[in-house]
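Taking it in order: structure first as structure tokens, then the write-up.
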Amino acid sequence: MLDFHLILPEMFVLGMSCVVLLVDLFVKQRQQALTYALTQLTMIGALILTVLLYSVPTTVNFHGMIIHDSLASILRIVIYVSSIFVFMYSRDYMRHQNTGQGEPYLLGLFSILGMMVLVSSYNFITLYLGLELMSLPIYALVALQRDSARASEAGMKYFILGAIASGMLLYGMSMLYGATGSLDIANVAYGVAATDHLHQLILIFGLVFVVAGLAFKLGVVPFHMWLPDVYTGAPNAATLFIAVAPKVAAFGLLARLLVYAMPTLELQWSELIIIISILSMFVGNFVAIAQTNIKRMLAYSSIAHGGYMLLGFAATTPAGYSAALFYTIVYALMSLGGFGMITLMAKKGFEAESIEDLRGLNERNPWLAFLMLIILFSMAGIPPTVGFFAKLGLLEALVSAHLVWLAVVALILAVVGAYYYLRVIKVMYFDKATNNQPIKISTDSTVAFSINGLLLLGLGLFPSMLIHWCHLIFS
Amino acid sequence: MNLVQFIFYIFSALLIMSSLAVILSRNPVRGVLFLVFAFIMSAGIWIILQAEFLGLVLILVYVGAVMTLFLFVVMMLNIEKLPPRTGVKKYWPYGILILLIIVGVTCYVIGPEHFALAAGPAPGEHSADYSNVNALGMVIYTKYVYAFEVAAVILLVAIVAAISLAFRGWAGLSKRQNIAKQVQTTPEERIRMVK
Amino acid sequence: MLPIADVLIVTAIVFSLSLVGIVLNRHNLIVLLMCVELMLLAVNTNFVLFAHYLNDTAGEVFVFFILAVAAAEAAIGLAILILIFRHKRTINVDDLDLLKG
Amino acid sequence: MIHLPYLSTLIWLPILGAIVVLFLGGDKNAHLSRMVALGIAIISLLICCLLWADFSYTNAGYQFQENVSWIPAYGINYALGVDGISMPMVILSTITTLVVVLASWHSIKRHVAQYLATFLVMQGMMVGVFSAVDSILFYVFWEAMLIPIYLNIGIWGGDNRVYASVKFFIYTFAGSALMLVAILYLRVHAHSFMIPDFYALRLTRPVQDLIFIAFLLAFAVKVPMWPVHTWLPDAHTEAPAGGSVVLAALMLKLGIYGFLRFNLPITPDTGQAIIWGMIVLALIAIVYIGIIAIMQKDMKRLIAYSSISHMGFAVLGTFMVYIIVAKTGNMKDAYLSLEGAMIQMISHAFSTGALFIGIGILYDRIHSRMIHDYGGVAHKLPVFAALMMVFALSNVGLPGTSGFVGEFMIILSAFKASFWVAFLAASTLILGAAYTLWMYKRVFFGKITSEKIENIEPLHFPELLALFILAAIVIVMGVYPLPVLDIFHASVGQILHESLMSKIPV
Amino acid sequence: MHEIIYALVLFPLLGSVIAGFLGPQIGRAGAHWVTIIGVGVSFVLSCLLFKGIVMDDGATLNFNAYTWVASCSFQFDVGFLIDHLSVTMLVIVTFVSLLVHIYSIGYMHDDPGYQRFFAYISLFTFMMLLLVTGNNFFQLFLGWEGVGLVSYLLISFWFSKNAATSGGLKAFLVNRVGDFGMILGMGAILTFFGTIDFASVFAQAPAVAAHTTFAIFANTPWSVVSIICILLFIGAMGKSAQVPLHIWLPESMEGPTPISALIHAATMVTAGIYMVARLSPLYELSSAALSFILVIGATTALFTGIVGVVQNDIKRVIAYSTLSQLGYMVTALGVSAFSAGVFHLATHAAFKALLFLGAGSVILGMHHEQDMRKMGGLAKYMPITYVTFLIGALSLAAIPPFSGFYSKDAIIEAVHLSTMPGAHYAYFAVVAGAFVTALYTFRAVFMTFHGKPRMDAETKSHLRESPWVVWLPLVILAVPSAILGALWIQPMLFASDPMLGQAITVDPKYDVLKQLGTHFHGVWAMAAHSVVTLPFWFAIAGVAVAWVFYIWKPHWPAKVVKHSRWLHFILIKKYGFDDFNDLVFVRGTKRMANFFYNVCDREIIDNGLVNGSGRLIQSMSLYLKRMQTGYMYHYALAMIIGVLVFLLWQVLIN
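Chains as they are written, first to last, in the working numbering: chain Y, 1 to 475; chain V, 1001 to 1195; chain W, 2001 to 2101; chain B, 3001 to 3506; chain H, 4001 to 4654.
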């Protein structure tokens, strides 16, 4: 069964990528303006297509290779939207940082294509291919800043560790394949369900490796160690890119592999997930405190957020999954804002990496400071920002699933986490600026950033629609 | 133990030994060659497992192209001597531990009492007219066409990425003059007053 | 006919050797790349084995794609390796320590 | 007649006003932002008066209810309402904002718009937290409030503001973390986030214990109770005058309010069981903190400690009801204690708030909070000294001022609980007088000790006005507190009714 | 009728508010006029009431003005009880207050805080009126604390003076210690009576006394009424300056002299006496409490008087004499001679106010010099002051037939007749006290008005009689100081229809005055009879000794001091109460505060627990941070270890 119209977004993105590739090669352009425009056009086109296809009922397409369902659609939409913002924030950065011609856009598009495949995959093969298609361009993006030793080091670390993780994932998949006799997610689920307790061991063996691979992509403890280094070493724009959309895609990966492929093994994987999530919240929040580099701090915070997101899976209930999805979307927004801020702040030869670089931001650009304030409070999970409601959903799912203790642990660690966000706010608001020059940011970026920041506040005041969508997906 | 099994054990032993050599070799060129050897041994095992096409692909494409690329890079970088293996000397017991755990758990897990496939009957041989190439060919462009296309994109990405990473720009490659710039130069750019 | 357990043990050994190689090797990035190849080899062998035992072509198709991806990976990995070599004039794993903490 | 959604207006008007003030922005047209802020504060107060006028004293339940489904997926409602317990607090919030805006008229010169915006936002959130009927809405306002106050302390605070603000934030945030879990737990069992629905729950003792502790932590930090009180002296000391006022007048009340809303009615059996622990903590706050206040050299710190001590009274009054009822077997006897706690809270808001404003006025002129830098201020600012005497006396608990009413009611009911409780509680008569008047003597009396005081700038009109408003309230409430008591009488009865029946499932 | 009472109480408040808030607008004259009119109206109305209720035996008024607090089963009102006792008090208070107001015009003439002063004393009058008219404990306490407050404000009136502000603070704090007992007593009343209304409490009192006990300490059931009475009396001890809470009164002398006359002699300090008298129905039910009162009163009467002998500051001498006289009154209460206590209160109000105002006149003449060693021979410069002062002194020393004689003699005789435990000690104390009283009183008279002038020439040249506004009140006060005793002793103590009417309740078995009444044969007979009694001769001896020491042989005092240094030291140190308090309470509290603050709060809680957990997190953070080594093989190792641990864990548990 081949339903081509359902893969129109992929086809469109691929086609446009090739266009961008050719344009970039053959059209002389100043400052990548055309490439940029085409890239944004691609995203908008894909967004429109996906939205138009949203109402098509769940369809397993291409002989079970991919599935068209609301989960895939919503994740894709989030990926497009966040990517639009990512490209917008990065434009100025890439203009003055020497990161090649149009390649970053091109690689970004390819990576997004990979994510699209990943989130709608319904077979281990497409899953793996999507994952790799997502990851490979990212490895390159990270290392793309050719004159930076740190970038190439980050790229190398990411690449090697990523390859190990892929290897582990594949090893696990091979075991699952051996045990269930299929690579098709639906059939795997069936096979897993059919396996009796005695024969579950091989499944668990595979499961552990699969979870390791997933955990790596999500960047959670103890598979997280690449993350701070890569986030710090990569150029700001690349950090921004990898901090947002891939996390959303990783949610898809997690959902497909755990919830769709192994629902009956939830007792086992939820145990793993609980440990991983506690460790992540712990390590992420604790180590972030000791950071002076804001990218690194946000990297650790992203580890912690990964841990929070996993809490939804720990609950093993539809409410938990939808809360995790909501959390992921919210995190994408927050992360977009946080890293976007750094990208926007960066000037030629100035990466704005140190927390100290934000000193007295309130005096230099109060609006920017205010938006950043919202973003940071949202990350800390303080109402009325949406970050709170994201956490609330998770906690409610946990408490409903009789995991009250886990909710308590999560909250206590959230308190620890609040400290370092507060420190950034302190630097922005309480400290005197060392340099009183106002910070100028181009209008469209300001608008985008304002939308980004205010969305966190607005969604905090009116979160119900988004939460409702997330609920529909898993109910 | 029949002959096939015997060959398998030989291949396996060589595979393991060459793998060990890969990770222990101090000379990268030798490492690559041991890796090539390991691939060939695997290809043998695959063929025993009646995946002839894949075995051949492994040798022809993988060894022929990818490993050559490795070798090329190793030679290009011209790193012949490596410093002493402090890591191995210090940490080999941990290595062994890792090995033992994974292998031990694997042994435990795939015991016939836990693993249906191991307990079940061995699969029958394919009929003589079975063609692995044929079988794969039947599905790759039909059932797996989507995956195939994605794989194609991945290869494209690899090209783009590798080029954009390693390409140093035209400037490094040719010593072209910018005549316009030379003409428009001003004394200020060329003469610096020493105070 | 090959006993399934034996093959799985061999692949497990190769797989763990590749992991061990990554952990033990502290001097040569290329060896790390080779270890990754080795790891994929073990995985592929698993798939081939199961495909054979299950009499299912899906596993073999997967191997086919994994080979393609592995090749792509190798290309990118080597490209990054060259970048590193350009910066540091070495491919010593120990020297990749600009980023930490 | 179109019924104005009073509560929503009271919440959102100041917040929108804050946005307006922010956009009017810059320090260049600071005066405009002041006028706008004042206007909003006055309008809020007027609306609040309307609310008060329509408020039914005989109705114990929620009035002016608004209920809109907010997040249906989680079952969260935007449910507002005031009863007798929250009504005075709402009034308090609006008055406090007005007073703070007035008091900071001349003293704040940097980021005026932002400063005023924090207070307006805080007012909205305060009204929100006091009028929330949905527990999550309550929690949202509860936590959201931390943001403006954190910024307020951090930006306009004293030298050690960063430490103080972060400590304040983390302390309260940590305290309330478990409360959220408790709310969620209750929700799972009550299938609703509405606070009144929680009252109907029957919970076993162990569950009640855990929930009690979770709420206790949150509220004890806010009150603050010993030993989780150490954020308060720092926060109060470092905060700008307005911040201290809001902290003292409103923030601390949240703790007691929480006890009344959550601890007492939801977990009465635990309350009953660990009552002596609570009373001991309250008495420690009264005596130990009172003694500590005696040796403070920093005026704000002294008042901060006195705040803790006074709030100890409110805690005492709140929890004593169990013992009183156990001893006398008559629920009616418990009213005195609980109403004493309520009135103590309200009165503390005015007198302590006023003292902080006064100290702020001095600080703006002399730039020191240290008592030893002062002396003889009464020579130069006699009216100010007289007003401060009124507040000091209220702090001392002198009859005729509002500070007396609560203390009197609580000490008298304490005797019903136990002689020794009353004995220790009454020690505040001496301690309170000692530290307050000692400070007053050193600051206002004596000879003029420095050039700065000799040339001290007279009070500005808005400052005087703020102090006069507060002084009038303090005295009127002291002389005739009955109207205030009437506001919450019915609701106190309701709370008592809920608090005194066992909620263990039968 | 109610309106009269409202007017009576509120007029001084009105005057006070006007003088206080509109001080600059109405000017100095305005301030004293408005307050004098306010108090004058009160005085006139008080006299009318006195006529109506005491002299014409009108009905007692008891009504509530408004409800202050109502809390389900409890209700606290602001209400008035106008009976014989309160009317008597009203007259005394408003009379002295009015005179002090007038006197202050002269005394405070040059003071910059003129309006403030009048506002304060008027406010004080208001508070005192509230106190004596209250029909319940709450209002009693309201006035009680109110007068304490104004007392504090007035002692600290000259707030530049450290001694003044310290004295004020000390007065307030010591009073608060008393109030501490009082509020507990009120708590007890509310607990056991369910009301704090006088009438209802008295009605229930016998029943409660008979049946209810209360254990403050485990297993010690004490009579509730005793506990209540003692707790309330602790309040009275603070206000009426009974040992050991008497320490504030001498220091209160730092305030302006009219204040000392009004507050610290005539009115406020007698509030305790008034209260016990008012609560006589309650006190009569507890012999333990009465006994306690008796001992405290007697001790105060004797020992504080002795201290007065060594004081050189004229106001302090009078202050100690006030202490001593208050002791007499309390002693009278202790033997259930409530009327005698109130009687002495009345006469004392007159002659002590007179003495203070006279001393004030002297001080004014001496240009604010209060040390008697620098005076002497003032009689010829200030004749009116001298004569009136002498009348006051004679009255104080209980020389018949001056007022003080009647009241004090009644007390001494009552004590003599009493069978209360401690009465023997009390009798000794009050009789010895008679000698001491005469001694210090005439010591002051002789040192101030007789002998050689010891002031410097400058002062001497300015010495003259005070202006009429100052001496007029002296003259007016001299009248009751001389004759009030003779006038009132019969109606107050011994009449069948006593002046205090039903306000005082005395248990017949304790009723010493009734016994005494049988020996009473008229005013003159009593005066004449006194010549054969011990107290009279003791008083005469006191006067004689004073004459010997300070007129005849002025160098003797120094000799005596030399020979009994330790005694002198004890007296100079006032038995060491101050030092004890300073050491134990003041420094003890400070040390404790220091410990609580620096050790418990800062170190243990804040630095240890709060910042400690912060530091713990910080150090864990650094430790974890160090684990992020930057080496790829460590990262890989972490992943592998993670997988292996998960693998072993999951495989082994399944």
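Note that CB positions come from ideal geometry on N, CA and C, so glycine has one too.
* **Element boundaries [alpha helix (DSSP H), containing H:L4333]** => On the fifth sequence, residue 4333 of chain H is found 333 positions in, with the first residue counted as 1. Element bounds for H:L4333: 4314–4334.
* To do: Give the DSSP bridge partners of H:G4134, in chain order.
  => Taking the first residue of the fifth sequence as 1, we reach residue 4134 of chain H at position 134. Bridge partners of H:G4134 according to DSSP: H:F4080.
* **Limits of the alpha helix (DSSP H) - the one that H:P4244 falls within** => Your numbering for residue 4244 of chain H matches position 244 in the fifth sequence. Note, H:P4244: premise wrong, no alpha helix (DSSP H); not H, not E.
* What three-state label does DSSP hand B:M3001 in the structure shown? -> As a working note, residue 3001 of chain B is residue 1 in the fourth sequence. Only weak support exists for where B:M3001 lies, its pLDDT of 42 falling under 50; the value from the coordinates is given anyway. Three-state result, B:M3001: coil.
* Asked: Going by the beta-carbon positions, is the gap between B:L3201 and B:H3189 smaller than 8 Å?
  -> Translated into positions along the fourth sequence, residue 3201 of chain B becomes position 201. Translated into positions along the fourth sequence, residue 3189 of chain B becomes position 189. Their beta carbons are under 8 Å apart, which means B:L3201 touches B:H3189 by this criterion.
* To do: Grab me the residues of H:A4393's own chain with a C-beta within less than 6 Å of its C-beta, minus the 5 sequence neighbours each way, in chain order.
  => Taking the first residue of the fifth sequence as position 1, residue 4393 of chain H is located at position 393. Within its own chain, the residues whose Cβ lies closer than 6 Å to the Cβ of H:A4393, once the five positions on either side in sequence are excluded, are T4441, V4445, listed in chain order.
* Asked: Considering only residues of the stretch 3241–3265 of chain B, which uninterrupted alpha helix (DSSP H) runs meet the minimum length of 4 residues and lie entirely inside it, listed in chain order?
  -> Inside the stretch 3241–3265 of chain B, DSSP marks whole alpha helix (DSSP H) runs of 4 or more residues at positions 3241–3246, 3252–3258, from first to last along the chain.
* To do: Give the range of the beta strand (DSSP E) segment to which H:N4062 is assigned.
  => Here residue 4062 of chain H refers to the residue found at position 62 of the fifth sequence. 4061–4071 is the extent of the beta strand (DSSP E) around H:N4062.
* So the alpha helix (DSSP H) Y:N187 belongs to, where does it begin and stop? -> Counting from one through the first sequence, the residue named residue 187 of chain Y turns up at place 187. Where Y:N187 is concerned, the enclosing alpha helix (DSSP H) stretches over 185–194.
* **Test: H:I4653 CB closer than 8 Å to a CB of chain W** => Start at 1 with the first residue of the fifth sequence, and residue 4653 of chain H comes out as number 653. Using a CB distance cut-off of 8 Å, H:I4653 does not count as an interface residue toward chain W.
* To do: Report the three-state DSSP secondary structure of Y:H68 (helix, strand or coil).
  => The residue given as residue 68 of chain Y occupies position 68 in the first sequence. In this structure, Y:H68 counts as strand in the three-state DSSP scheme.
* Please compile the residues from chain B whose C-beta is within a distance smaller than 8 Å of the C-beta of Y:Y419. => Residue 419 of chain Y sits at position 419 when you count from the first residue of the first sequence. Against chain B, the beta carbon of Y:Y419 has neighbours under 8 Å at V3166, I3170, listed in chain order.
* To do: Evaluate contact between the stretch 4172–4186 of chain H and the stretch 4052–4066 of chain H, counting only Cβ atoms and requiring at least three cross-stretch pairs below 8 Å.
  => No, because fewer than three Cβ pairs between the stretch 4172–4186 of chain H and the stretch 4052–4066 of chain H fall closer than 8 Å, the two stretches do not touch.
* To do: Sort H:K4460, H:A4265, H:S4336, H:A4434 by Cα distance to H:R4316 and report the nearest one.
  => Here residue 4316 of chain H refers to the residue found at position 316 when the fifth sequence is read from its first residue. Ranking H:K4460, H:A4265, H:S4336, H:A4434 by Cα distance to H:R4316 puts H:A4265 first.
* To do: Name, please, each residue of chain Y whose Cβ falls closer than 8 Å to the Cβ of W:D2056.
  => Start at 1 with the first residue of the third sequence, and residue 2056 of chain W comes out as number 56. Going along chain Y in sequence order, the residues near W:D2056 (Cβ under 8 Å) are G181, S182.
* Which whole runs of the alpha helix (DSSP H) in the stretch 1091–1172 of chain V are 4 residues long or more, in chain order? -> Taking 4 residues as the minimum length, the alpha helix (DSSP H) runs contained wholly in the stretch 1091–1172 of chain V are 1116–1119, 1132–1140, 1145–1166, in order along the chain.
* Which residues mark the beginning and the end of the alpha helix (DSSP H) in which V:N1002 is found? -> One-based indexing of the second sequence puts residue 1002 of chain V at position 2. Taken as a continuous stretch (DSSP letters only), V:N1002 belongs to no alpha helix (DSSP H), as it is neither H nor E.
* To do: Specify the secondary structure class of Y:T59 as computed by DSSP and reduced to three states.
  => Residue numbering aside, residue 59 of chain Y sits at position 59 when the first sequence is read from its first letter. DSSP places Y:T59 in strand when its eight states are reduced to three.
* Three or more beta-carbon pairs under 8 Å between the stretch 3293–3303 of chain B and the stretch 3421–3441 of chain B, yes or no? -> With the rule of 3 Cβ pairs closer than 8 Å, the stretch 3293–3303 of chain B counts as touching the stretch 3421–3441 of chain B.
* What do you reckon, are the CB atoms on Y:A189 and Y:A261 nearer than 8 Å? -> Within the first sequence, numbered from 1, the residue matching residue 189 of chain Y stands at position 189. Within the first sequence, numbered from 1, the residue matching residue 261 of chain Y stands at position 261. Yes, the pair counts as a contact, with Cβ atoms nearer than the cut-off.
* Going along chain Y, which residues have a C-beta under 7 Å from B:W3070? -> Your numbering for residue 3070 of chain B matches position 70 in the fourth sequence. Under the 7 Å cutoff, chain Y gives S464.
* Return the residue from the list H:I4228, H:Q4204, H:F4180 that minimises the CA-CA distance to H:A4188. => Along the fifth sequence, read from residue 1 onward, the residue named residue 4188 of chain H stands at position 188. Nearest neighbour of H:A4188 by Cα position, chosen from H:I4228, H:Q4204, H:F4180, turns out to be H:I4228.
* To do: Using beta-carbon positions only, say whether Y:D24 and Y:G102 come within less than 8 Å of one another.
  => Here residue 24 of chain Y corresponds to residue number 24 of the first sequence, with the count starting at 1. Here residue 102 of chain Y corresponds to residue number 102 of the first sequence, with the count starting at 1. Yes, the pair counts as a contact, with Cβ atoms nearer than the cut-off.
* Could you tell me whether the Cβ of V:F1115 comes closer than 8 Å to any Cβ of chain Y? => For this step, residue 1115 of chain V is matched to residue 115 along the second sequence. Under the Cβ distance rule, V:F1115 counts among the residues neighbouring chain Y, one pair being separated by less than 8 Å.
* **In chain order, each alpha helix (DSSP H) run of at least 4 residues that lies wholly inside the stretch 3151–3218 of chain B** => With a minimum length of 4 residues, the continuous alpha helix (DSSP H) runs that stay inside the stretch 3151–3218 of chain B are 3161–3190, 3195–3199.
* Asked: So, helix, strand or coil for H:N4175, using DSSP?
  -> As a working mapping, residue 4175 of chain H is identified with position 175 in the fifth sequence. The answer is helix: DSSP assigns H:N4175 an H, G or I state.
* To do: Give me the Cα-Cα distance between H:V4330 and H:V4009, rounded to the nearest whole angstrom.
  => On the fifth sequence, residue 4330 of chain H is found 330 positions in, with the first residue counted as 1. On the fifth sequence, residue 4009 of chain H is found 9 positions in, with the first residue counted as 1. The alpha-carbon of H:V4330 is positioned some 27 Å away from that of H:V4009.
* **Interfacial residues, the stretch 2029–2053 of chain W to chain V, with Cβ spacing under 8 Å** => Near chain V, meaning a CB-to-CB distance below 8 Å, the residues of the stretch 2029–2053 of chain W are I2030, V2031, L2033, M2034, C2035, E2037, L2038, L2041, N2044, T2045, V2048, L2049, F2050, A2051, H2052, Y2053.
* Please go through the same chain and pick out, in chain order, the residues whose beta-carbon is closer than 6 Å to the beta-carbon of H:K4374, but skip the five residues on each side of it. => The residue labelled residue 4374 of chain H in the question sits at position 374 within the fifth sequence. If we look at H:K4374 and ignore the five residues flanking it on each side, its Cβ neighbours are R4454, M4455.
* Classify H:Q4370 as helix, strand or coil using the three-state DSSP reduction. => For the purposes of this step, residue 4370 of chain H is taken as residue 370 along the fifth sequence, with counting starting at 1. Residue state, collapsed to three classes: coil.
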